[in-house]
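Read the structure below first, then the notes.
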Amino acid sequence: MDQTGHLWKPAEGIDCALKTMEVVSWIPWSNSEVQTFLCLVGQERIHRDLDGATRNEKTFREVSQLMAAHGYQRTSRQCRDKLKKMKSDYRTIKENRERSGPNSLKHWKWFEQMDAIYGKRPVSIKMESGLDSTTAVLDPMMDNKCFSSCDGFSTTSHLANGSDNKPAAAAMNTNDLNLTQCEVYQVVVTPKEMIKIENPWRTLIWNPEKRIELMESIKTYKPTVSSVSQARVLLIGPVGAGKSSFFNSINSVFRGHVTSQAIAGYSSSSLTTQFRTYSVKAGREGKPLPIILCDTMGLEDSKGAGLDVEDISSILEGHMPDRYQFNPSEPLHPDASGYRKSPDLKEKIHCLSYILDATKVFVMPEKLAEKLKAIRQKANLLGVPQLVVLTKVHEACPLVKENLTNIYRSVYIKETMQEASSKLGMPLSCIVPVRNYVEELDQDLNTDILLLSAVIQMLRFADNYFDEISDQLSNIQNKE
Numbered sequence: 061m062d063q064t065g066h067l068w069k070p071a072e073g074i075d076c077a078l079k080t081m082e083v084v085s086w087i088p089w090s091n092s093e094v095q096t097f098l099c100l101v102g103q104e105r106i107h108r109d110l111d112g113a114t115r116n117e118k119t120f121r122e123v124s125q126l127m128a129a130h131g132y133q134r135t136s137r138q139c140r141d142k143l144k145k146m147k148s149d150y151r152t153i154k155e156n157r158e159r160s161g162p163n164s165l166k167h168w169k170w171f172e173q174m175d176a177i178y179g180k181r182p183v184s185i186k187m188e189s190g191l192d193s194t195t196a197v198l199d200p201m202m203d204n205k206c207f208s209s210c211d212g213f214s215t216t217s218h219l220a221n222g223s224d225n226k227p228a229a230a231a232m233n234t235n236d237l238n239l240t241q242c243e244v245y246q247v248v249v250t251p252k253e254m255i256k257i258e259n260p261w262r263t264l265i266w267n268p269e270k271r272i273e274l275m276e277s278i279k280t281y282k283p284t285v286s287s288v289s290q291a292r293v294l295l296i297g298p299v300g301a302g303k304s305s306f307f308n309s310i311n312s313v314f315r316g317h318v319t320s321q322a323i324a325g326y327s328s329s330s331l332t333t334q335f336r337t338y339s340v341k342a343g344r345e346g347k348p349l350p351i352i353l354c355d356t357m358g359l360e361d362s363k364g365a366g367l368d369v370e371d372i373s374s375i376l377e378g379h380m381p382d383r384y385q386f387n388p389s390e391p392l393h394p395d396a397s398g399y400r401k402s403p404d405l406k407e408k409i410h411c412l413s414y415i416l417d418a419t420k421v422f423v424m425p426e427k428l429a430e431k432l433k434a435i436r437q438k439a440n441l442l443g444v445p446q447l448v449v450l451t452k453v454h455e456a457c458p459l460v461k462e463n464l465t466n467i468y469r470s471v472y473i474k475e476t477m478q479e480a481s482s483k484l485g486m487p488l489s490c491i492v493p494v495r496n497y498v499e500e501l502d503q504d505l506n507t508d509i510l511l512l513s514a515v516i517q518m519l520r521f522a523d524n525y526f527d528e529i530s531d532q533l534s535n536i537q538n539k540e
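If you want this note's numbering, it's the position in the sequence shown, counting the first as 1, plus 60.
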């Protein structure tokens, strides 16, 4: 392996590998496969390389290898053809929308993500046509199995595009065209998602004793302000990020089995339409824990859809009642039924948690990022501490999917957290990764520990809020 992370090895079995890849050429692309593909081509470096060069076969090969790291076998040509087709569909839908308006009946499930990648400028149609010079020479050689034997290898077999390059070869080899030795190497790129840091950059203990310790710390937590018995944590984030699933997962940890109290699932629009406040109980008939998780409607990047930013202020300040029905076109009004005009401290939000999908951080639409920044400004003005919870980390990184304890050894997960830190303007210390219970029927020790660690951070941030309140009260008393 060289310093760039490339592993060089003799190219034995190249023909076999190519034949294996041909088998999947007819298999249609699944939704999860397309989702992964768009996340990869939307990454800044890959997007830049594809957009800036006509000879981009090397980049498509890298995309192919990254797809393989995620468990999807697609050749570089298949990746090229897929992107070309999707860009063509995107242009068609976009032109149709420009003619007919945003409410056009013509809908395409991948439009928003393609628009986030290519919406800033016209989509380049040049970059699909090129092959780099190395590919142009090597591909015909591989097809003709010129590398099957080195004995008696002749440069007359090394003709590209039908042109005779014998004079040039003779000039370079003093008229000696007999090849006596040949070494061929295949470049194997180690995908970033598969690179593991030797020592974890955050320390976390993964054993049953640690899970018990974390659970006890949460059960025995007590806010420092006597008028508040439960810390209220607000969960906000894009549609499908896993807000409701996060509550269900925390509830599952303390119930001792996987539960699904809050409505959760997959949909293009938010399944949560009401403001809900959930208490978590220590067991089926146990006492409520000293934390309330507040679930909201999902954020959307388009105007007039999803949770209204103005409603965030009402929630943070404690004005919004439980089970309030959200209206994306009209925020909560003081005259609305149940509106709390003078909320107590216990009804206000003590910690704000942004729930983000780790597979979509790099392709977050700009309008959504702007909404998150606007919410962050409102929370800052109210002095509410903020935390980012990254969900679906196992879908973002094969290393983590293989073993959740690799979470703080994964280069890719750390870079994803850094990207979230940059997009929201928050320190890396304010970002924690989790894996929700979504498809499992049984609990998992490592999943529990990661979830409980996130709750501990929420309570610590809530303590910061209570400390600030206590300081304000002390200052007022001293002045009197």
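C-beta atoms are modelled at their ideal positions from N, C-alpha and C, and glycine is treated no differently.
| Check | Outcome |
| --- | --- |
| For the beta strand (DSSP E) holding aspartate 502, just list the boundary residues, first then last. | Neither: aspartate 502 is in no beta strand (DSSP E) and is coded neither H nor E. |
| For aspartate 361, which of helix, strand or coil comes out of DSSP? | coil |
| Is valine 453 near the ligand MN, in the sense that its beta carbon is under 7 Å from a heavy atom of that ligand? | With respect to the ligand MN, the structure offers nothing, as it holds no ligand at all. |
| If you drop the 5 nearest sequence neighbours on each side, which residues of the same chain put their C-beta closer than 8 Å to that of isoleucine 375? | Leu294, Phe335, Cys354, Thr356 and Ile409 |
| Can you check which of these residues, Met127, Pro260 and Arg151, is closest to cysteine 457 by C-alpha distance? | Met127 |
| Glutamate 407 and arginine 400 - do their beta-carbons sit closer together than 8 Å? | yes |
| Starting from alanine 575, follow its DSSP beta bridges and name the residues at the other end. | A query on residue 575 cannot be resolved here, the shown segment of the chain reaching from 61 to 540 and no further. |
| Using 10 angstroms around the beta-carbon of glutamine 95, count the other beta-carbons present and answer buried if the total reaches 16, otherwise exposed. | buried |
| Just how far apart, CA to CA, sit serine 339 and glutamate 462? | 33 Å |
| Between valine 288 and leucine 405, which are expected to be in contact by the criterion C-beta below 8 Å, what is the C-beta distance as a whole number of angstroms? | 6 Å |
| Give the straight-line distance between the Cα atoms of arginine 344 and alanine 291, rounded to the nearest whole angstrom. | 21 Å |
| Would a C-beta distance cut-off of 8 Å place glutamate 158 and tyrosine 132 closer than the cut-off? | no |
| Taking the alpha helix (DSSP H) that valine 123 falls in, what are its first and last residues? | 117-129 |
| Using a 10 Å radius around the Cβ and a threshold of 16 neighbouring Cβ atoms, would you call lysine 282 buried or exposed? | exposed |
| Tell me the rounded alpha-carbon separation between valine 460 and leucine 505. | 14 Å |
| Asparagine 308 to lysine 341, Cα distance in whole Å? | 12 Å |
| For aspartate 371 versus leucine 349, is the C-beta distance shorter than 8 Å? | no |
| Measure the alpha-carbon distance for serine 189 versus glutamate 155 and round it to whole angstroms. | Caution applies to serine 189, whose pLDDT of 36 falls short of 50 and renders its modelled position unreliable; the value that the coordinates give is listed next. If I take the Cα positions, the gap works out to 23 Å. |
| How is arginine 157 classed by DSSP in three states: helix, strand or coil? | helix |
| Run through DSSP, which three-state label would arginine 495 get? | coil |
| CA-CA distance, lysine 256 and arginine 436? | 33 Å |
| So, is alanine 434 buried or exposed, given that buried needs 16 or more other C-beta atoms within 10 angstroms? | exposed |
| Return the CA-CA distance between lysine 347 and threonine 280, expressed in angstroms with no decimal places. | 11 Å |
| Count the other CB atoms, across all protein chains shown, that sit within 10 Å of the CB of aspartate 417; report buried if there are 16 or more and exposed otherwise. | buried |
| With 16 as the cutoff for other CB atoms within 10 Å, does alanine 522 come out buried or exposed? | buried |
| If you draw a straight line from the alpha carbon of arginine 315 to that of cysteine 490, how long is it in whole angstroms? | 27 Å |
| Nearest-angstrom Cα distance between glutamate 479 and lysine 169? | 25 Å |
| I'd like to know if the segment 358-368 and the segment 297-307 are in contact, where contact means that at least 3 CB-CB pairs between them fall below 8 Å. | yes |
| Could you tell me the alpha carbon to alpha carbon distance between aspartate 111 and valine 492, rounded to whole angstroms? | 33 Å |
| Taking the alpha carbon of glutamate 258 as the point to measure from, which residue in Phe120, Glu104 and Tyr468 has its own alpha carbon closest? | Tyr468 |
| Hey, leucine 519 and isoleucine 265: beta-carbon distance below 8 Å or not? | no |
| Buried or exposed for histidine 130, going by 16 or more other Cβ atoms inside 10 Å? | buried |
| Sorted by chain position, which residues of the same chain lie with C-beta nearer than 6 Å to leucine 512's C-beta, five sequence neighbours on each side aside? | Leu274 |
| Using C-beta distances below 7 Å, list every residue in its chain close to threonine 465, excluding the 5 sequence neighbours before and after it, in chain order. | Trp266 and Asn506 |
| Give the C-beta separation of histidine 107 and isoleucine 153 to the nearest angstrom, bearing in mind that I take them to be a contact with Cβ-Cβ under 8 Å. | Not really, about 20 Å apart at Cβ, beyond 8 Å. |
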